[in-house]
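Peer 1: This is the structure I want to talk about, given as structure tokens.
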Amino acid sequence: MKGKILNLLILVAIIAVILVAWSSTKIVECPLRATSASPKEIPRATSASPINSPRPTATRTLPEGAPQIGIIKSISFDKDTYYAGDIITAILEVENIGGADITSEKVTINATCVRLDDFTANLYLKTLEEEEKMETYTMSFSEIIGPGQTKILSASFRTLSEIEYGGLEVSLAGDYEILLTLNIDGETTDAKELKLTLLGDDLEN
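The opening residue of the sequence shown carries number -2 in my numbering; numbering runs sequentially from there.
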């Protein structure tokens, strides 16, 4: 009789150990399931509004063998932010690094569209040749810049607001690469590349 009671107590103890171990496993597993968020609860990354720096970072692309006459010392814009269709004024600080007066200047601006905000229009953009993605603006000046002097040239141009595609007017808001070329007295002397973003009306608010 005592042997049966002892065996029964041992069996009860084994069952108790199993129950404790099982309960511990459930306690560990529960927090893992509780931290799994549903798709609606997962926070989405927000993209910052593209804003152009008044003094953007420009990469110099000086043609090989260009004469040492005048250089673009700096470039800035008249506004921080532009929308498609705005007039953009690029302010160029031109320095005479030669030994004679500069008497005529020409600034050529090539604006190449690299991405459009409108999804369908962006697909169409990818089918175009490089020259079809580009708009060219040319402005002439007659500033007298002596050796060692610096003068400001303001080059303004109006961007296009939209194009017709598939019978619809689509916005030209998006990203652009700008190439500014300086021509002094008939010679190309300097060139700089920079990036520009045009915002759309739907991003204004």
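Note that the Cβ used here is the ideal one computed from N, Cα and C, for glycine as well.
Who are the Cβ neighbours of Gly143 in its own chain at under 7 Å, not counting the five residues just before and after it?
Peer 2: Result list for Gly143: Asn93, Asp98, in chain order.
Peer 1: Taking Thr156 as part of the alpha helix (DSSP H), name the residues at either end of that continuous run.
Peer 2: Neither: Thr156 is in no alpha helix (DSSP H) and is coded neither H nor E.
Peer 1: So if DSSP puts Leu99 in a beta bridge, which residue, or which two residues, is it bridged to?
Peer 2: Sequence check: residue 99 is Ile here, not Leu. For Ile99, which the question treats as bridged, DSSP gives the partners Ile142.
Peer 1: Which one or two residues does DSSP pair with Ala188 in a beta bridge?
Peer 2: Thr178.
Peer 1: Quick one: Cα of Glu184 to Cα of Ser71, how far?
Peer 2: Cα to Cα, the separation comes out at about 19 Å.
Peer 1: Looking at C-alpha atoms only, which residue of Gln65, Asp182, Lys103, Glu166 is the closest neighbour of Gly96?
Peer 2: When each option's Cα is compared against that of Gly96, the closest is Gln65.
Peer 1: What are the complete alpha helix (DSSP H) segments, minimum 4 residues, inside the region 107 to 137?
Peer 2: Runs of the alpha helix (DSSP H) inside the region 107 to 137: 116 to 122.
Peer 1: Could you please give me the residues that DSSP links to Asp193 through a beta bridge?
Peer 2: Contrary to the premise, residue 193 reads as Leu rather than Asp in this sequence. In DSSP, Leu193 forms a bridge with Tyr173.
Peer 1: Measure the alpha-carbon distance for Gly164 versus Ala152 and round it to whole angstroms.
Peer 2: Approximately 34 Å, taken between the alpha carbons.
Peer 1: Please state the DSSP three-state secondary structure of Gly82.
Peer 2: Gly82: coil per DSSP, three-state reduction.
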